[in-house]
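Sequence lines, in order, name chains A and B.
Take the first sequence: its letters are residues 1 to 227, numbered as in this note's numbering.
Take the second sequence: its letters are residues 1001 to 1227, numbered as in this note's numbering.
Glycine residues also receive a C-beta, built at the ideal position from the N, C-alpha and C atoms.
Protein chains: 2
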Amino acid sequence: MSIRIKQNPEEVVDLVFEAILKNRLKPGVKLSEISFQEEFGYSRSVVRQGFDKLVDSGLLIYKKNQGVSVAYPTEDETKKIYEARMAIEGSVINILVEKHQQNELDFSVIDSLILKEKGHHEAKEFDELIGISCHFHMSLAELCGNKFIVNSLKPLIPLSTLAATVYSDPNSSFCSFAEHYELIDAVKSNDLKKASKSMSRHLEHCVESLDFSNKVIKNNSHSHIFN
Amino acid sequence: MSIRIKQNPEEVVDLVFEAILKNRLKPGVKLSEISFQEEFGYSRSVVRQGFDKLVDSGLLIYKKNQGVSVAYPTEDETKKIYEARMAIEGSVINILVEKHQQNELDFSVIDSLILKEKGHHEAKEFDELIGISCHFHMSLAELCGNKFIVNSLKPLIPLSTLAATVYSDPNSSFCSFAEHYELIDAVKSNDLKKASKSMSRHLEHCVESLDFSNKVIKNNSHSHIFN
DNA sequence: TTTAAATAAATTGTTTACAATCATTGTTAA
DNA sequence: TTAACAATGATTGTAAACAATTTATTTAAA
Chain A
1 MSIRIKQNPE EVVDLVFEAI LKNRLKPGVK LSEISFQEEF GYSRSVVRQG
51 FDKLVDSGLL IYKKNQGVSV AYPTEDETKK IYEARMAIEG SVINILVEKH
101 QQNELDFSVI DSLILKEKGH HEAKEFDELI GISCHFHMSL AELCGNKFIV
151 NSLKPLIPLS TLAATVYSDP NSSFCSFAEH YELIDAVKSN DLKKASKSMS
201 RHLEHCVESL DFSNKVIKNN SHSHIFN
Chain B
1001 MSIRIKQNPE EVVDLVFEAI LKNRLKPGVK LSEISFQEEF GYSRSVVRQG
1051 FDKLVDSGLL IYKKNQGVSV AYPTEDETKK IYEARMAIEG SVINILVEKH
1101 QQNELDFSVI DSLILKEKGH HEAKEFDELI GISCHFHMSL AELCGNKFIV
1151 NSLKPLIPLS TLAATVYSDP NSSFCSFAEH YELIDAVKSN DLKKASKSMS
1201 RHLEHCVESL DFSNKVIKNN SHSHIFN
C-alpha cells in the first residue's frame, strides 16, 4: 500500500460539499485553513484553493482577513435560490420530456434513487433522506447530458440544504419522496404539462415547508470540524 | 496620486472576461502566468487565483503542468452552450414578463443598450456589436434581481462569443440587434408567448448563423497577450 | 466591577524559493 | 533525412516563510 499525498483541491471541495449535503456541516460555522490542514492532511495552499472554489459557488462566505464560513442563507436569499432552481429545473424537465419522447433516456440511476428514498422514508431515516433527495435533483440535471446545465444547478442544491437546516419546520416534510415519484412518472408518460406542473409545485412545497420565523442553529463552536 | 498595488484576483478575471467579449483574446491561445505578471503587474499568485476562477467558469481550459488556455468550444459544446442558455434565458423571460405585469421593471439600462446597438449597427461597426450584444443578454438576467440566475448565465455568454469567433460565418449576421428589439417589445407589451418565442428563435438563429464546417483561427503565437 | 488600553496569540494575505513537470532544442545513430 | 534519445530551458506545482490583520488575553485605570 502506497502512501498517497493529498494535494487535490477538488477533494477539499467534495469534502465540504458532501458534508453540507449530509447536514454534518452547519450553516454559519467558520472553517479555518489550519484546522482543515490538521484534520485532513492537505497543505494550507491546497485547502485555500478548495475554499476559493467553494466561495465562488456561494457555499462558503468569505470576509477579508476573517476567512470563510458556511453560508447562512437569509429568507430573501432562500426564496431566490428556489426561484433560480425553478428557472433551471423547469427547463430540465422540458429537455427530459423531449429526450424521452425520442427514447434517449436511461432512468436506471433515477429509479434506484427513488427506491433508496422509499426505503429510508419507510424506515423513517429522515436525515439520510435529505442527501439522497439532493442527488435526485442533480441526477435529473445530469440526465440532460449537458454539463453547462449541471454546473448551473450544482451550487443551488447544497444551498437549499443549508436553507432547510436553518428554517426547517419539524412539523412539515421537506422535499417529499412522493412528489419525486409523481414527477418521474409524468416524465415517463411523456406528459410535459403534468411534469412541469409537478416540478413547480414540488419546489413551491419545499419553500412552503420552511418556517422563516424560526431560525434554528447558530453553533460556531466546534472541537472537530464536522460533527 | 498614490501608487496602487494590484493584487485583486477579480481584476484578472475581468481583464480576461472583457478581452474575450471584445474578441481581443482568441480561442485556444495559451496564457502563461509569468507573461501575465510581466504584462499587467499582478504577482503570480494573484494571476493564478484569477486563472483558477476562470477555469471553474469554463472560459479557460486547464491542463495539469501545462497551464491554461482560452477555451475552444467544439461544435457539440457550442450547441450545448446554447441549449443551456435557452434553459436559463427562457426562464428569465418568464420572470421578466411577470415582473413587468406588476410594474416592477426599470428598462433604462436595456433601452440604452438597444440604442447603442442601433448606433453601431447603422455605423456598421460590427466588432463593437458583439460585446454590447453580450451585455444586453446579461442585463436581461440582471433585471430579474436574482444573483443566482445571473451567476448561472455569466460563464455562458463569453463562451458563446468564443464559439462565434471559431465558427463565425461572415455571410450571416450573429445575434442581430433587430431581434433584441423585438424581444424587448414583446416583454413591454406583456405578451409572454411572443416574448418566449422571440427568445428561443433568437438563440436558434445565433446557432444557425454559425458555420461548423469552417473553423477559423488557431493563432497561438503572440508577442503581447491580447491583440 | 467595568471599561479601556496594551500586549500576546492566532489566523489570514502574499511573496518567495524550491521541486516537479513539460516543451524545446540539440545530438547521435539508423 | 528522419527518428529516437538526451540535455536544456521554461513553466507550473507546492510548500514554507514572512507580513498584515484580526481576535483573545492581560493589565491598568475609572
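In this model, residue 1100/B and residue 1191/B are separated by some 10 Å (Cα to Cα).
Shown here for residue 36/A: same chain residues with a beta carbon closer than 6 Å to its own, the five before and five after excluded, namely 47 in chain order. Contiguous alpha helix (DSSP H) elements confined to the segment 1042 to 1129 of chain B occur at 1044 to 1057, 1075 to 1101, 1108 to 1122, taking only those with 4 or more residues.
With a 10 Å radius around the Cβ and a threshold of 16 neighbouring Cβ atoms, residue 50/A comes out buried. By the C-beta criterion, the segment 150 to 168 of chain A is judged not to be in contact with the segment 178 to 197 of chain A, since fewer than 3 inter-stretch pairs fall below 8 Å.
DSSP places residue 1196/B within a helical segment (H, G or I) once states are collapsed to three.
The beta carbons of residue 1073/B and residue 1159/B sit closer together than 8 Å. Look at the beta carbons and you see the segment 186 to 200 of chain A not touching the segment 120 to 130 of chain A: under three pairs across the two are nearer than 8 Å.
The beta carbon of residue 50/A sits no closer than 8 Å to any beta carbon of chain B. Annotation: the continuous alpha helix (DSSP H) that includes residue 150/A extends over 147 to 153. C-alpha of residue 1141/B to C-alpha of residue 6/A: approximately 40 Å in a straight line.
Straight-line spacing of the CA atoms in residue 104/A and residue 1156/B works out to 25 Å. At a beta-carbon threshold of 8 Å, the residues of chain B lying near residue 88/A are 1087, 1088, 1091, 1152, ordered along the chain. In this structure, residue 1070/B places its C-beta atom within 8 Å of the C-beta atom of residue 1027/B. Residue pairing by DSSP places residue 1026/B opposite no residue, since no beta bridge is assigned to it.
Between residue 1058/B and the set 1162/B, 1208/B, 1203/B, 1130/B, the nearest pair of CA atoms involves 1162/B. In the DSSP assignment, residue 174/A falls outside any alpha helix (DSSP H), carrying neither H nor E. Interface flag for residue 1083/B against chain A is set, since a Cβ pair is found closer than 8 Å. Residues of the segment 1053 to 1069 of chain B with a Cβ closer than 9 Å to any Cβ of chain A, in chain order: 1053, 1056, 1057, 1058.
Of the candidates 1203/B, 1199/B, 1151/B, 1085/B, the residue whose Cα lies closest to the Cα of residue 80/A is 1151/B.
Taking the C-beta atoms as reference points, residue 1206/B is found nearer than 8 Å to residue 1082/B. The closest CA to that of residue 97/A, considering only 110/A, 14/A, 186/A, is found on 186/A. According to the DSSP assignment, residue 1035/B belongs to the alpha helix (DSSP H) that extends over 1033 to 1040. In the DSSP assignment, residue 1168/B is bridged to 1210/B. Listed along chain B, no residue sits closer than 9 Å to residue 143/A by beta-carbon distance, the nearest being about 13 Å off. Following the DSSP letters along the chain, one finds residue 1014/B inside the alpha helix (DSSP H) bounded by residues 1009 to 1021. Assigned with DSSP and collapsed to three states, residue 1191/B falls in coil, not helix or strand. Along the segment 1166 to 1194 of chain B, there is no position whose C-beta sits under 7 Å from a C-beta of chain A. Assigned with DSSP and collapsed to three states, residue 1134/B falls in helix. Not flagged as an interface residue toward chain B: residue 157/A, since no C-beta distance is shorter than 8 Å.
Interface criterion met: the Cβ of residue 148/A is under 8 Å from a Cβ in chain B.
A direct Cα-to-Cα measurement between residue 1197/B and residue 145/A gives close to 24 Å. Taking the C-beta atoms as reference points, residue 1085/B is found nearer than 8 Å to residue 1203/B.
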